[in-house]
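What follows is a single structure, written as structure tokens, with notes after it.
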Amino acid sequence: MAAFPVPGSRRRIRRTHVIAAGCAMALCTTVAAPAAADGGATTTKPTIVLVHGAFADASNWNGVVERLERRGYTVIAPANPLRGLYNDSAYIASVLDSIKGPIVLVGHSYGGALISSAAAGNPRVKSLVYVSALMPDVGESGMSLAARFPSELDTATKSVPYRADGISGTDLYLKPDRLRQVFAADLPESTTRVLAVTQRPAATTAFSEKAKVAAWKHIPSWFLVAKQDKTINPDQERFQAKRAGSHTVEINSSHVAMISHPEAVTDLVLQSATAPDVRPALAATGSTHDARAKTALTGIAAASLIAGAGAFLLGRRLRRPAP
1 MAAFPVPGSR RRIRRTHVIA AGCAMALCTT VAAPAAADGG ATTTKPTIVL
51 VHGAFADASN WNGVVERLER RGYTVIAPAN PLRGLYNDSA YIASVLDSIK
101 GPIVLVGHSY GGALISSAAA GNPRVKSLVY VSALMPDVGE SGMSLAARFP
151 SELDTATKSV PYRADGISGT DLYLKPDRLR QVFAADLPES TTRVLAVTQR
201 PAATTAFSEK AKVAAWKHIP SWFLVAKQDK TINPDQERFQ AKRAGSHTVE
251 INSSHVAMIS HPEAVTDLVL QSATAPDVRP ALAATGSTHD ARAKTALTGI
301 AAASLIAGAG AFLLGRRLRR PAP
């Protein structure tokens with residue numbers, strides 16, 4: 001004959017079921033929390049911020065802006081002051097402060113050095129995109145990188161002194177007769193003539209000031225290498241991308257890939273905008289990575305302890321004789 005539990009026994013079994021369920025929930029919550037903290041695919045479209053480089057202005061991004069807006073993204077292409085790494089990155093950081101929600105930060109050429117500094121400490125920047133760009137580490141400058149990876153840029157610039165509000169310095173321009181060959185060889189000559197006339201010079205401090213931070217060590221990055229670049233050596237671009245662990249593509253382009261190949265640049269930006277927010281685990285950021293790992297292990301250990309205690313109580317209650 002089957003044995004039926006007495007009412008008191010049923011109450012104890014219900015209580016032990018509640019305890020076991022609570023332990024299971026604690027285990028799941030504790031283990032899942034670090035995974036959620038490490039990020040996942042965002043459901044909000046980020047704002048795309050496009051930062052131009054030296055000798056250029058924000059209109060160089062026109063083809064990319066049009067494509068991103070057709071896909072429903074909010075896009076901002078601020079004017080880069082081109083007065084020096086410290087001044088310009090502080091300005092771009094202030095632009096980022098005015099934006100709500102997640103941000104994808106894109107830099108071309110010298111603009112790459114700016115986004116590496118401007119994004120530091122900003123948790124809303126989900127990814128960095130470098131388009132034939134500078135990507136200095138702490139203590140490096142555009143000049144020090146160019147010394148390791150020479151290009152034709154030195155043969156194409158001219159220096160012009162300037163004065164403004166009691167401050168004097170030196171601006172760098174591209175020589176009009178060299179601009180197309182070194183800067184934009186895959187654009188029509190009629191276009192490069194306009195670029196030569198409308199170019200914006202960069203102060204020499206843009207290339208001489210050394211980076212104080214390198215946000216790409218903490219933020220996922222994407223890199224477009226322009227294989228026909230004569231302004232920044234493509235080997236320098238490959239070196240930077242490999243060092244940062246960037247998602248990298250290479251295309252047959254001059255330095256101004258966003259003008260001559262706007263679709264390829266847009267595709268790379270979209271990849272970064274839709275990718276899960278998983279932070280890189282570079283050697284230089286080992287302490288942060290290790291801290292997250294320790295937190296996860298601590299949570300698992302705590303959950304295991306809770307679950308073990310629940311199982312112990314469950315066993316004791318089941319063994320206890322009914323009154």
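The numbering used here applies: residue 1 is where the sequence shown begins, and numbers increase by one. A virtual CB, placed ideally from N, CA and C, is assigned to each residue, including glycine. Since the structure is predicted, the reported quantities are computational estimates derived from the model, not experimental observations.
- Here V269 is not near V75, since their CB atoms are 7 Å or more apart.
- Rounded to the nearest angstrom, the gap between the Cα atoms of Y162 and R279 is 42 Å.
- When rounded, the separation of the alpha-carbon atoms in A273 and W222 is 10 Å.
- Per DSSP, the beta bridge partners of I251 are A226.
- Here E263 is exposed: its Cβ has fewer than 16 other Cβ atoms, across all protein chains shown, within 10 Å.
- Contact check for S117 against V51 fails: the beta carbons are separated by 7 Å or more.
- Between the alpha carbons of G139 and S190 lies a distance of about 40 Å.
- DSSP places G63 within a helical segment (H, G or I) once states are collapsed to three.
- With contact defined as three or more Cβ pairs closer than 8 Å, the region 173–188 and the region 84–94 are not in contact.
- The three-state reading of DSSP puts L105 in strand, counting E and B together.
- In chain order, P176 place their CB closer than 8 Å to the CB of V197, counting only its own chain and leaving out the 5 sequence neighbours on each side.
- With a beta-carbon spacing of about 4 Å, G107 and I115 fall inside the 8 Å limit used to define contacts.
- S127 is a Cβ neighbour of P220, given a cutoff of 7 Å.
- Apart from sequence neighbours up to five positions away, the residues of its chain that approach T44 with a beta-carbon distance below 7 Å are G101, P102, ordered along the chain.
- With a cutoff of 7 Å on beta-carbon distance, T157 and L145 are scored as not near each other.
- The DSSP assignment places 221–226 as complete runs of the beta strand (DSSP E) inside the region 183–236, in order along the chain (cut-off: 3 residues).
- Taking each of I259, D235, V225, V104 in turn and checking the Cα distance to A215, the smallest one comes out for V104.
- Per DSSP, V138 is not a residue of any beta strand (DSSP E), being assigned neither H nor E.
- If you draw a straight line from the Cα of I259 to the Cα of G111, it is about 15 Å long.
- Contact between F183 and S89 is absent: CB atoms are separated by about 23 Å, not below the 8 Å threshold.
- By the C-beta density criterion, A113 is buried, having at least 16 other C-beta atoms within 10 angstroms.
- Sorting R124, F239, A54 by C-alpha distance to the C-alpha of A79 places A54 at the top.
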